[in-house]
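Structure, as structure tokens:
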């Protein structure tokens, strides 16, 4: 980690051993300590539910993307009572969005949002959850055991294995799955099978020490090429963060991810970034996927584990914090005995909060897959000056908390 980030980081230690956790009767076990999981865990323990978060990684740890919080994501985190903690992360306010294609460009003001260190964000959310009473167990791989119809137990079982090979069964009344793309913890539960979109693009991310002009603080630049698109923004410490969505076939043909990203920049007639040649990249599974079932038999899915669409302006992190924040009331309902109603309510709530917005993202992503059509659309919008700003404002509008009772 860079000095500005590293000096603020401390290892987030386990609050329980695996053996201790195996002796408890948990109300909820949350699998995954990213934003969706920690937001959910914090809300669960605030509802007096004994909650354990497990994660296969040690903390702190970095991620491919998620350093841009939209106005919508900010509103959710602030509504959860975390505004003071968020302000301590020294985020840079986001003010402008620029879309660059092969033959034209478009600029629009952003109604809010910040860019910050994803490492610091995840650490803050996790520490806030622990501060509320959540227990934490890192470096443990969790797999949800199959549940059979004849099982009359009030508990679901999870097999947890440490990096050293120690294995134990943990039990909880309900399970929240927040372990990201592919939800590997559900590999033994076919009812949660997901459908990956054919030709789904893959995610790439890197952070560069470069002073190349054209990427100012507070700006998001989206560069669209034939093989994918790249989002670029300055982090508070001055480094340039790049997050890309690229064709798997093009990535396979390219010598390195940096070469492919350089090609996308070249197609948009942007200056070459020399530091790309030596960049270290992180990648993801194919991005666009959907899980038909987001709640079943006391297992609830949130964040990327429930499905994902290539985001347009930081939608992914907004979906994560929104679903994590909204879920706890339904888990509480399930544990109180009304399981079927709770699962139905979460399926309905998830559609309202995420699925409807993902439909619009699919339309925008389809346009980005066709750079010349995207260029044409930009020219049309330029003839209708209010339209680009209206679209950006709609994507970033705060969550209407009065329509849904999330208390």
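In my numbering, the protein residues as written are 98 to 504. Just so you know, even glycine gets a beta-carbon here, dropped at the ideal spot from N, CA and C. Just so it is clear, the structure is predicted and the values come from calculations on it, not from any experiment.
Inset, instruction - Classify residue 255 as helix, strand or coil using the three-state DSSP reduction. - result: strand
Legend entry - Alpha carbon of residue 308 to alpha carbon of residue 254, nearest angstrom: 51 angstroms
Inset, instruction - Closer than 7 angstroms by C-beta to residue 285: which residues in its own chain qualify, once you throw out the five before and the five after it? Chain order, please. - result: 240, 241, 242, 243
Legend entry - Beta-carbon contacts of residue 447 that lie in its chain and below 6 angstroms, excluding the five residues immediately before and after: 391
Inset, instruction - Quick one: using the 10 Å Cβ neighbour count with 16 as the cut-off for buried, is residue 441 buried or exposed? - result: exposed
Inset, instruction - Assign residue 469 to buried or exposed, taking buried as 16 or more other Cβ atoms, counted over all protein chains shown, within 10 Å of its Cβ. - result: exposed
Inset, instruction - Kindly give me the distance between the Cβ atoms of residue 277 and residue 384, rounded to whole angstroms, as I take these residues to be in contact under 8 angstroms. - result: At roughly 11 angstroms, the Cβ-Cβ gap does not stay under 8 angstroms, so residue 277 and residue 384 are not in contact.
Legend entry - Where residue 387 sits in the DSSP three-state scheme: strand
Inset, instruction - May I ask you to list the residues that DSSP assigns as paired with residue 299? - result: 343, 383
Inset, instruction - Look up residue 126 in the DSSP assignment and say whether it is helix, strand or coil. - result: strand
Legend entry - Three or more C-beta pairs below 8 angstroms linking the region 221-237 and the region 199-207: no
Legend entry - Straight-line gap, residue 288 to residue 187 (C-alpha atoms, nearest Å): 42 angstroms
Inset, instruction - Measure from the C-beta of residue 374 to each C-beta in chain D and report whether the shortest distance is under 9 angstroms. - result: Of the protein chains in the structure, only one exists, and it is not chain D.
Legend entry - Unbroken stretches of the alpha helix (DSSP H), 4 residues or longer, contained in the region 422-460: 425-432, 436-447
Inset, instruction - Rounded to whole angstroms, what's the CA-CA distance from residue 72 to residue 435? Just pull it up for me. - result: What the structure shows of the chain is the stretch from 98 to 504, and residue 72 is not part of that stretch, so it cannot be assessed.
Inset, instruction - With a 10 Å radius around its C-beta and 16 neighbouring C-beta atoms as the bar for buried, classify residue 496 as buried or exposed. - result: buried
Inset, instruction - Have a look at 379, 117, 173 and flag the residue whose alpha-carbon is nearest the alpha-carbon of residue 149. - result: 117
Inset, instruction - Report yes if the C-beta distance between residue 153 and residue 238 is below 9 angstroms; otherwise report no. - result: yes
Legend entry - Close Cβ partners of residue 171 (< 7 angstroms) along its chain, the five nearest in sequence each way excluded: 209, 210, 211
Legend entry - Simplified DSSP state of residue 268, which is helix, strand or coil: strand
Inset, instruction - If I'm right that residue 454 touches residue 412 with Cβ under 8 angstroms, what's the distance once you round it to whole angstroms? - result: 7 angstroms
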